[in-house]
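Structure first, commentary second.
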Amino acid sequence: MASSTRNVDKFSCTTSRFLLPAFRRPCYREIIGIDVKSDPADEVFSTWTKEDGQYYHVINTALLNDDYDILKSNVQYINSLRTAIRNNNQKESLKVYRGLSLTSENVKQEYKEGLQFLWPTFTCTSKNKDVAHDFGNYMFEIEASEDDWTYRTDISQYSEFPAEQEVLFYPYSGYIV
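The numbering of the sequence shown is UniProt numbering, which starts it at 1 and goes up by one.
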C-alpha cells in the first residue's frame with residue numbers, strides 16, 4: 001500500500017484564528033488550485049443556507065483550522081461556491097452586518113482601528129442589523145464599495161430563511177477596522 005506525504009508548511013499566526021494577516025493558509029491555497037467542474041449556483045447557494053447538517057459550519061470550521069482532509073473531501077463544493085460568488089458578484093455599494101460572539105477584551109486586543117485583516121471563512125452577513133445581532137454579541141458593520149475588489153453576493157433568494165437577507169463574502173476577503 002503506497003502512502004503519500006504532503007510537504008506543507010504548518011500555519012502559525014500570533015492573532016486569533018478569526019484574524020489573519022494578509023496571506024492565505026497553505027491547505028486552502030492547495031485546494032483552490034484543484035480544477036473541478038462547478039455545480040450550478042442555485043444549488044450551491046441553496047445548500048449553503050440549509051440548517052440540516054449545517055454544511056456551512058463544517059466548511060467554515062475547516063477553513064478556520066486549515067483542515068486539509070475536510071477541505072480536500074469538500075473541494076467540489078468549496079470551489080463551486082467560490083465560482084458562484086465570483087460569477088454573481090454584486091459590486092454596488094452596500095452596508096451589511098455580521099454578528100460574532102467575542103469578549104470585549106478580545107475585541108480591544110485584536111480589532112484596533114486601522115487593522116487590516118482577512119477572514120478565512122465564507123463570511124455570512126446580513127443587510128438587516130437585527131438579524132445579524134442574533135448571531136453574536138459583537139456587531140461588525142461592513143461597508144462595501146463598488147471598487148473594493150471583494151467578491152460578494154446576496155443569496156436571500158436561494159435561502160430557506162430569506163428574511164435573513166444574507167450576503168455571502170468570498171473566503172479571505174480583506175477588511176479594515
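The beta-carbon is built from N, C-alpha and C at its ideal position, and this holds for glycine as well.
Rounding to the nearest angstrom, what Cα-Cα distance links residue i and residue j in this structure?
i	j	result
E43	R82	13 Å
D67	E166	26 Å
K72	Q157	29 Å
R29	D147	25 Å
S159	E113	34 Å
residue 181	P40	Summary: the structure shown does not reach residue 181, with the chain confined to residues 1 through 177, and so no result is reported for it.
R86	W149	11 Å
S38	V75	10 Å
I70	I59	8 Å
T61	T121	8 Å
D52	F45	14 Å
Which residue from the options puts its Cα closest to that of residue i?
i	options	result
T123	Q116, F140, Y170	Y170
F135	N65, E164, R29	E164
Q90	A144, Q54, N74	A144
F34	N79, F117, I142	Reading off the sequence, residue 34 comes out as Ile, not Phe. Nearest of N79, F117, I142 to I34, Cα basis: N79.
S93	P26, R152, P162	R152
Y56	C27, A84, Y77, L100	Y77
W96	V36, I70, V131	Per the sequence presented here, residue 96 reads as Val, with Trp not at that position. Ranking the options by Cα distance to V96, first place goes to V131.
W48	Y172, I155, L102, I70	I155
R98	N128, K50, V36	N128
L118	S38, V107, L64	L64
Y138	Q116, S101, L115	S101
A84	R25, H133, V36, N106	V36
Decide if residue i is buried, meaning its Cβ has at least 16 other Cβ atoms within 10 Å, or exposed.
i	result
I176	exposed
S104	exposed
L168	buried
P162	exposed
Q109	exposed
S173	buried
S126	buried
Tell me the DSSP bridge mates of residue i?
i	result
I176	Q116
Does the beta-carbon of residue i, which I'm using as the reference point, lie nearer than 8 Å to any heavy atom of the ligand COA?
i	result
S73	For the ligand COA, the structure offers nothing, since it holds no ligand at all.
(message) If we require 3 or more residues per run, which beta strand (DSSP E) segments fall completely within the UniProt domain "ADP ribosyltransferase" (54-169)?
(response) Runs of the beta strand (DSSP E) inside the UniProt domain "ADP ribosyltransferase" (54-169): 94-100, 116-119, 123-126, 138-144, 152-154, 166-169.
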